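The structure under discussion appears below in the form of structure tokens.
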Amino acid sequence: MSDAYNGSGDLEADAEFYSSMLASAFEGYAVISEPAIYDMNGTEAIQFTFDVSISDMEMRMTYFLFYIDSTLCYGTAGSLKDTYIDEEAEMNQLITSAITVNK
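What the sequence shown shows, in this note's numbering, is residues 25 to 127, in sequence order.
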């Protein structure tokens, strides 16, 4: 039997689970944007952005959680914090486009 998290069916609860898991896994975890539900090209999704420290690197990442049929799926975008801030719109568009194409 797998210990993998398969989702609760509630995007807000799923975002809380992942945020908690990430906070315990990464040093310097800091939420930048609280989870927000939105329409991702016809698919209800939730996203949240956070900063983490990995070794001596400061990273910024966004998690996108959504369901296809009843399967919880996720996408991530991230890079060095300074680069991410400069290219945030492009990163979000890449994830949204990739998910739309592969549905």
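Every residue gets a Cβ at the ideal spot worked out from N, C-alpha and C, and that includes glycine.
Values in this document were obtained by computation on a predicted structure and should not be read as measured data.
Residue j beta carbon less than 8 Å from that of residue i
i    : j   : result
L104 : E68 : no
S32  : F72 : no
A54  : F41 : no
L96  : N30 : yes
Which of helix, strand or coil DSSP assigns to residue i
i    : result
S94  : coil
M25  : Any reading at M25 must be qualified, since the residue scores a pLDDT of 45, below 50, and its modelled position is unreliable; no value is offered.
D106 : helix
S43  : helix
Nearest residue (CA-CA) to residue i, options the options
i   : options              : result
A60 : A37, S48, Y29, L46   : A37
D34 : N65, S77, E51, I92   : I92
I78 : F50, N116, A113, N65 : F50
Span of the beta strand (DSSP E), counted from its first residue to its last, around residue i
i   : result
D75 : 67-78
S57 : 51-64
Worksheet entry | Cβ contact (3+ pairs, closer than 8 Å) linking the region 99-107 and the region 79-87 | yes
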